[in-house]
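Chains as they are written, first to last, in our numbering: chain A, 797 to 1119; chain B, 6 to 505. Glycine is no exception: its CB is placed at the ideal position from the N, C-alpha and C atoms.
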Amino acid sequence: MKKAALGLAAALTLALAGGAGAQGYPTKPITMIVPFAAGGPTDIIARMVSENMSKTLGQQIVIENVAGAGGTTGITRALTAAPDGYTIAMGHLGTFSAAPATYPNLKYDPIDGLQAIGLAGGTPILIVARKNLDATDLKGFVAAVKASPDKFNEAHAGVGSVSWTTCTLLKGQLGVPKLNSVAYRGTGPALNDLVSGQIDFMCDQIVSVAEQVKAGTIKAYAIASAERSPALPDVPTTKEAGLPEYQIEAWNGIVAPKGTPKEAVDKLVAALDKALNDENTKKRLMDLGTVIPTAAERTPEGFAALIKRDAEKLSPALKAAPK
Amino acid sequence: MTEMFANLGLGFGIALTLKNIALCFVGCLVGTLVGVLPGVGPVATIAMLLPITFGLDPVGALIMLAGIYYGAQYGGSTTAILVNIPGEATAVVTTLDGHQMAKQGRAGVALGTAAIGSFVAGCFATLIIAALGAPLTRLALLFGPAEYFSLMVMGLCFAVVLARGSILKAFCMIMLGLLLSTVGTDLETGQERMTFGFPPLADGVDFAVLAMGVFGFAEVLRNLENPEARDVVRSKIGRLLPDWNDIKQSTAPVLRGTFIGGILGILPGNGAVLGPFASYTLEKKIAKDPSRFGKGAIEGVAGPESANNAGAQTAFIPLLTLGIPPNAVMALMVGAMTIHGIIPGPQVMTKNPDLFWGMIASMWIGNLMLLVINLPLVGLWVKLLQVPYRLMFPAILIFCSIGIYSVNNQPVDVIFTALFGLFGYLLIKLGFEPAPMLLGFVLGKLMEEKLRQALIISRGSFMTFIERPISAGLLVVAVAILVIALLPSMSKKRDEVFTE
């Protein structure tokens, strides 16, 4: 009800302002749509970053969770909102780079149909397996999978999820696109069955699996980033472990509807940059295993380029995936 | 054993600080209130309140959030008993006998029994978590997709017993529930099913939308049709608290319910949902006079309510010992822990003993608080029934609508609820029971998911359900339930069980 009242207030203010644009932006609270359930990895990053951005902007950023259809429902709503800088969204690899290949009826164009603000954080992807799987390292695992792909089961959190997207890329690169894949409702249940040994392997974000790897309930073959993660310093990168072409990160970034006034965009970009320089916010993000974006990635141009690059990287594997 | 008491001592030392007691109280109170509001579930509430906990220390924040969770489970039964609206899947069975008791002027007794039963269950569950949390974790890991599917099959057999009228009609409603559960995006392939290309259906039908519609809205329509009958209900208030006879009747159901609910609560993938249904089935089966059920039998409130609360507590076991959330609320707790810099994993118990034992101790304190909050409130809730219905029904509709909107922030959900309300009214007119449909709906999703996972893993071999001992055992029980219900020699008894 509070949100509805807020929305009503926002609409009234907008009507009264008579489209005065972003003069003195921001003059009222900003809605950030998170297209996933509260408490998930994207939601957590959104809440951490927006808390600091609110201080800089002098107006509260209100998180609104609009879940559905792999995050595309929420992003669609954000991108069709009035481009006045008061509706923005936090999406991820899946909603921007993978969605065009995954959802044929997608209602937005992540390359040309939005105003990128900047990258908020990158989350490394790990290849993890049940603890008693024979292969001891990535090379052994790759050889075993290639030799008899029909002996393996891979788990993911549903078509369109980060784990599905990144593992589909892996299977595409290994030349085993038809390897048995088992869908779960969310990473939690999938991880449960990996720990209990019902399934053989999965690809997932470091924040979900790091503690399990440390406890030895599952094992990690490699991290698909350029560098090792301080959270799991013993896990080699895919480059070190012999699969250099498998490089993918589950990043989260902020976008606004296309046509958002430049003043609003500039202020949002500056606020994001300041949040990512804030020691406290940075530490909390890094505790999650998040990689803090470089100065270039925090800009609209840098983020737009990343969306495009990963879309091109993922598209062939996702389109070839059996659906 | 001494170690456990030392640990519990540590836990109570943390939970009994003034600040944590206050946080626990606030959590339980807020939880109770949102639980009473139809449709505003714990998931939406915890999500909304998550940012408020930023300023707290992790233990305090989690104590409060946990309080909201089991407080909401508690409050949900109040709405189920008073106005026949189950806010959560676990409260569906409470409407069966709880609301009937209210109609007979025994609303206070029903609410009191639910509160006391939940308290007893909560105390036992807390002890179970403290003593056996770690070993019981293994149970969660024994249940793979095949076992889980067989458990769901067993659950569906319970649904037949839930029926109050014709067994054929109950069967039809279960099938309808299963069918409704298949609407939406196919989990394995991402293909849309039965959505008619209509985007809001892409994620299927939400439980709250369906339950608020066929129970809440439809109930309002039915009452409006016949306002005089409603007034008769209001005039009788009766005793507020259960008497000695009521307590004697509910003791055994409470203990059985606690056991069943506690075990099912540990299972991954929301096994806790089955707890109240299983408890109700058991009570009805072993009762001397099963025909009392559905007409206000106190066992039908005491057992399921205890099972519900025990399950809500033991659902913390996989989260605290494995770091794996078994359901949506627990996934949210993972988020809360992560925000506070504690990444859940198998080592929480050793790395953060203050958090682990502090939370367990706070659960017991929380249960005591819920009793303290709820028993005095019983009088207030019962008085609510005296509010003239012309004032009551708009309030029910408004709160339902707010609750439904808050789940996904989607206006279309409210419209869907209204449509399901009309549909539910039609069902009432035709003499169909909505409860078996809701059970079919809840189990359908899990059942399909687990069936397909099991078959993909077994490369399409159905033998997997029989080859795995636990799965086979569960199927045998399922068959046994059906055989007992359908054997011709038992037909006389069956008539007693299934017809009013």
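The alpha helix (DSSP H) enclosing residue i, as first and last residue numbers
| i | result |
| --- | --- |
| Glu1097 of chain A | 1096 to 1116 |
| Met53 of chain B | 47 to 54 |
| Ala895 of chain A | 895 to 898 |
| Glu8 of chain B | 7 to 20 |
| Val1065 of chain A | 1058 to 1073 |
| Ile461 of chain B | 439 to 462 |
| Val353 of chain B | 353 to 356 |
| Leu424 of chain B | 416 to 435 |
| Val125 of chain B | 112 to 147 |
| Val264 of chain B | Sequence inspection shows Phe at residue 264 of chain B; the Val mentioned does not correspond to that position. 249 to 271 is the span of the alpha helix (DSSP H), which, as asked, contains Phe264 of chain B. |
| Leu229 of chain B | 223 to 230 |
Exposure label - residue i; buried when at least 16 CB within 10 Å
| i | result |
| --- | --- |
| Lys967 of chain A | buried |
| Ile378 of chain B | buried |
| Leu451 of chain B | buried |
| Ala818 of chain A | Bear in mind that a pLDDT of 45 at Ala818 of chain A, under 50, signals an unreliable position, so the number given afterwards is only what the model happens to contain. It is buried - the Cβ of Ala818 of chain A has at least 16 other Cβ atoms within 10 Å. |
| Val237 of chain B | Per-residue confidence for Val237 of chain B stands at a pLDDT of 48, beneath the threshold of 50, marking its modelled position as unreliable; no derived number is given. |
| Glu288 of chain B | buried |
| Gln1008 of chain A | buried |
| Arg1030 of chain A | For the sequence presented, residue 1030 of chain A should be read as Asp rather than Arg. With fewer than 16 other Cβ atoms within 10 Å, it is exposed. |
| Val488 of chain B | exposed |
| Gly14 of chain B | exposed |
| Asp908 of chain A | exposed |
| Asp208 of chain B | buried |
| Leu173 of chain B | exposed |
| Ile57 of chain B | exposed |
| Asp946 of chain A | exposed |
| Pro47 of chain B | buried |
| Ser944 of chain A | exposed |
| Thr313 of chain B | Looking at the sequence itself, residue 313 of chain B is Asn, so the reference to Thr does not match. Buried: at least 16 other Cβ atoms inside 10 Å. |
| Val392 of chain B | exposed |
Residue i: first and last residue of the uninterrupted beta strand (DSSP E) it sits in
| i | result |
| --- | --- |
| Arg926 of chain A | 921 to 926 |
| Ala1016 of chain A | 1014 to 1019 |
| Gln911 of chain A | 910 to 917 |
| Val1051 of chain A | 1048 to 1053 |
| Ile859 of chain A | 857 to 861 |
Identity of the residues DSSP links to residue i by a beta bridge
| i | result |
| --- | --- |
| Cys999 of chain A | A:Ile923 |
| Thr883 of chain A | A:Thr827 |
| Arg1024 of chain A | Its beta-bridge partners do not exist; DSSP assigns none. |
| His952 of chain A | A:Ala979 |
| Thr1033 of chain A | A:Ile1019 |
| Glu1045 of chain A | A:Pro920 |
| Gly189 of chain B | B:Arg198 |
| His888 of chain A | A:Asn1048 |
| Val1126 of chain A | Look at the range of chain A in this structure, 797 to 1119, and you will see that residue 1126 of chain A is not part of it. |
Residue closest to residue i, alpha-carbon to alpha-carbon, out of the options
| i | options | result |
| --- | --- | --- |
| Tyr821 of chain A | A:Asn928, A:Leu1072, A:Thr1056, A:Arg981 | A:Thr1056 |
| Pro906 of chain A | A:Thr868, A:Lys942, A:Pro920, A:Ala925 | A:Thr868 |
| Gly1120 of chain A | B:Gln458, B:Leu373, B:Arg464, B:Val88 | This structure cannot settle anything about residue 1120 of chain A, because the visible part of chain A is limited to 797 through 1119. |
| Leu1 of chain B | B:Met53, B:Asn414, B:Phe470, B:Ile68 | What is shown of chain B runs 6 to 505, which leaves residue 1 of chain B out entirely. |
| Asp191 of chain B | A:Gly866, A:Met828, A:Gly854, A:Ala833 | A:Gly866 |
| Leu101 of chain B | B:Ala85, B:Ala112, B:Thr319, B:Gly371 | B:Ala85 |
| Met849 of chain A | A:Met1082, A:Ile1088, A:Asp1106, A:Asp1069 | A:Asp1069 |
| Lys1010 of chain A | A:Pro1026, A:Thr1033, A:Phe997 | A:Pro1026 |
| Thr1077 of chain A | A:Met844, A:Ile1050, A:Tyr980 | A:Met844 |
| Val158 of chain B | B:Pro140, B:Leu144, B:Ile134, B:Leu183 | B:Leu183 |
| Gly189 of chain B | A:Ala1113, A:Gly864, A:Asp1106 | A:Gly864 |
| Pro920 of chain A | A:Gln1043, A:Ala940, A:Arg1094, A:Ala1117 | A:Gln1043 |
| Leu141 of chain B | B:Gly221, B:Leu269, B:Pro150, B:Ala302 | B:Leu269 |
Closer than 6 Å: residue i CB and nearest the ligand SAM heavy atom
| i | result |
| --- | --- |
| Ala1037 of chain A | No copy of the ligand SAM appears in this structure; indeed no ligand is present at all. |
Report task. Closer than 9 Å, Cβ to Cβ, to anything on chain B: give me those residues from the segment 883 to 905 of chain A, in chain order. Result -> Thr898, Tyr899, Asn901, Lys903
Report task. Residues of the segment 182 to 194 of chain B with a CB closer than 9 Å to any CB of chain A: list them in chain order, please. Result -> Thr190, Asp191, Leu192, Glu193, Thr194
Query raised in the report: Name the residues in the segment 316 to 341 of chain B whose C-beta lies less than 8 Å from a C-beta of chain A; which are they?
Result: Pro323, Leu327, Gly328, Ile329, Pro330, Pro331, Ala333, Met335, Ala336, Leu337, Met338, Val339, Gly340, Ala341
Requested in this report: Name, going along the chain, the residues of the segment 468 to 483 of chain B whose beta-carbon falls closer than 9 Å to a beta-carbon of chain A.
Outcome: none
Query raised in the report: What residues in the segment 1009 to 1025 of chain A bring their beta carbon closer than 8 Å to a beta carbon of chain B?
Result: Lys1010, Ala1011, Thr1013
Query - Residues of the segment 1071 to 1084 of chain A whose Cβ lies closer than 8 Å to any Cβ of chain B, in chain order - result: Arg1080, Asp1083, Leu1084
Query raised in the report: Taking a cut of 9 Å between CB atoms, which residues from the segment 834 to 864 of chain A lie near chain B?
Result: Ala834, Gly835, Gly836, Pro837, Asp839, Ile840, Arg843, Met844, Glu847, Ile859, Glu860, Asn861, Val862, Ala863, Gly864
Query raised in the report: What are the residues of the segment 936 to 955 of chain A that lie near chain B, defined by any Cβ-Cβ distance shorter than 9 Å?
Result: Hits within the stretch, in order: Asp946, Asn949, Ala951, Gly954, Val955.
Requested in this report: Determine which residues of the segment 988 to 999 of chain A have a Cβ less than 9 Å from any Cβ of chain B, and write them out in chain order.
Outcome: Asn988, Asp989, Val991, Ser992, Gly993, Gln994, Ile995
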